[in-house]
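In the UniProt record's numbering, the protein residues as written are 1 to 417.
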């Protein structure tokens, strides 16, 4: 990289001494000034341009994303799985600048966003003069989704864990725990066996509400998409509209059911599992997304048609495998017992989920947390309130929260914090 700098010193010096550099970077004290002129980088006729400079070098030289790329900023807890599926399958996208500077870009702001916060904020500053799709959602709904989200109960658990017929089914399905408190500074998590509203304070300490903080660091043309627009009912048509607007690849009609599918279903963390019998693997799957083309579905062989899970599970084996009649009879009895235990577990988990109404009631009685959330949202929703007030007005629980704050606290002053 030093050799590259020496070889192109004249070009770099010319740019760093230019009025354009002074106006765009030096005047505003930009933390990541580009070492080359971004306008020239977009011109294929220039000696150095985005087509001949390595992506890793472009990153190290703080070169912004090329013009006319689409940036997708997806906030966790906002139902962005359908969007990610569409962008990943149909369009040239990357989540890493250092892999390609000639791709559209996904910037996914997860609950754990500040694990790599310095690198992520550099990415934000390099998202320049492009169109952006920003996924958003009612903040109260996002909080409740975080509380109800759950995680693996044991660190060694994963999708497609291997089980045997000798395992206690109830113990097999004991796979979920919930965050009670998360001290991100010290990387310490206090766990709970059920969702708890005590988690709210930890949620507010991370970066998942950093809308305005992030967007004001860019010069992006923001296009907000509310989560309701990518719900099962509207997802496919919404993506069709986005494809037309941003000149992306249209979603395939054959994938409508996948795009419209609720990704985090009732079996999250419970399934998929692999039941191994006599060296044959039986895949117990709760989402068609996990069904490999190498599998064949055998529900009709091992589940009764009146089983409540008949259309929800995908019991599969490798296409090359053949099952004996004795094994089919055994599997049918096993799956009968398994689905009884699964039904019991799902109902138990569903009964423990916390509602948006309970969240509002909790905030009503927790003055400090309520004021803390109010302050965060007042600061972070500035941009969307200015540009898409219709979306904010459609957020039922956020509007209830605002009304409650006004009734209980009046105008919150900075001195209150």
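Ideal placement from N, C-alpha and C gives every residue a C-beta, glycine not left out.
Query raised in the report: DSSP three-state call for residue 190: helix, strand or coil?
Result: strand
Query raised in the report: Looking at residue 339 and residue 373, is the spacing between their C-beta atoms short of 9 angstroms?
Result: no
Requested in this report: For residue 59, name the three-state secondary structure that DSSP assigns.
Outcome: helix
Report task. Identify the continuous alpha helix (DSSP H) that holds residue 243 and give its terminal residues. Result -> 235 to 246
Report task. In angstroms with no decimal places, state the Cα-to-Cα distance between residue 162 and residue 316. Result -> 14 angstroms
Requested in this report: Out of 212, 351, 299, 350, point me to the one whose CA is closest to residue 331's CA.
Outcome: 299
Query raised in the report: DSSP three-state call for residue 130: helix, strand or coil?
Result: coil
Query - residue 271 - DSSP class collapsed to helix/strand/coil - result: strand
Query - Sheet register partners of residue 316 (DSSP bridge) - result: 283, 297
Query raised in the report: Assuming residue 194 and residue 352 make a contact with CB atoms under 8 angstroms, what is their CB distance in whole Å?
Result: 5 angstroms
Report task. Answer with buried or exposed for residue 82, where buried requires no fewer than 16 other C-beta atoms within 10 angstroms of its C-beta. Result -> buried
Query - Sequence-distant residues of the same chain with beta carbon closer than 6 angstroms to residue 192, five excluded per side - result: 178, 180
Query raised in the report: Looking at the structure shown, is residue 142 part of a helix, part of a strand, or coil, going by DSSP?
Result: helix
**Report entry** Proximal residues to residue 189 (C-beta, below 7 angstroms), its chain only, five neighbours per side dropped
**Finding:** 179, 182
Query - Host alpha helix (DSSP H) of residue 397 (start-end) - result: 396 to 409
Requested in this report: May I ask which residues mark the beginning and end of the beta strand (DSSP E) holding residue 165?
Outcome: First-last for residue 165: undefined, no H or E at that position.
Query raised in the report: Does the segment 127 to 136 come within contact of the segment 340 to 349, defined as at least 3 CB pairs closer than 8 angstroms?
Result: no
Query - Contact belief for residue 400 with residue 213 at Cβ below 8 angstroms, rounded distance in angstroms - result: Not really, about 25 angstroms apart at Cβ, beyond 8 angstroms.
Query - Contact under 9 angstroms by Cβ, residue 422 with residue 227 - result: The requested residue 422 does not occur in the structure, where the chain is confined to residues 1 to 417.
Query raised in the report: Which of helix, strand or coil does DSSP assign to residue 135?
Result: strand
Requested in this report: Identify whether residue 10 lies in helix, strand or coil by the three-state DSSP scheme.
Outcome: helix
Query raised in the report: To which residues does DSSP link residue 48 through a beta bridge?
Result: BP columns for residue 48 are empty, so no partner.
**Report entry** Reference residue 358, options 232, 173, 145, closest by Cα
**Finding:** 145
Query raised in the report: Quick one: Cα of residue 363 to Cα of residue 370, how far?
Result: 5 angstroms
**Report entry** Distance, residue 276 Cα to residue 305 Cα
**Finding:** 24 angstroms
Report task. Put residue 5 into one of helix, strand or coil per three-state DSSP. Result -> helix
Query raised in the report: Between the beta-carbon of residue 70 and the beta-carbon of residue 236, is there less than 9 angstroms?
Result: no
**Report entry** Which listed residue (54, 47, 251, 215) has its alpha carbon closest to that of residue 72
**Finding:** 215
Query raised in the report: Would you call the segment 318 to 336 and the segment 290 to 298 in contact, with 3 or more CB pairs under 8 angstroms?
Result: yes
Query raised in the report: Where does residue 158 fall in DSSP's three states?
Result: coil
**Report entry** Under the three-state DSSP convention, the category residue 256 falls into
**Finding:** helix
Requested in this report: In the DSSP assignment, find the beta strand (DSSP E) that holds residue 225 and state where it starts and stops.
Outcome: 221 to 226
Report task. Rounded to whole angstroms, what's the CA-CA distance from residue 218 to residue 127? Just pull it up for me. Result -> 6 angstroms
Query - Under 9 angstroms between C-beta atoms of residue 196 and residue 354 - result: yes
Query - Endpoints, alpha helix (DSSP H) assigned at residue 370 - result: 367 to 380
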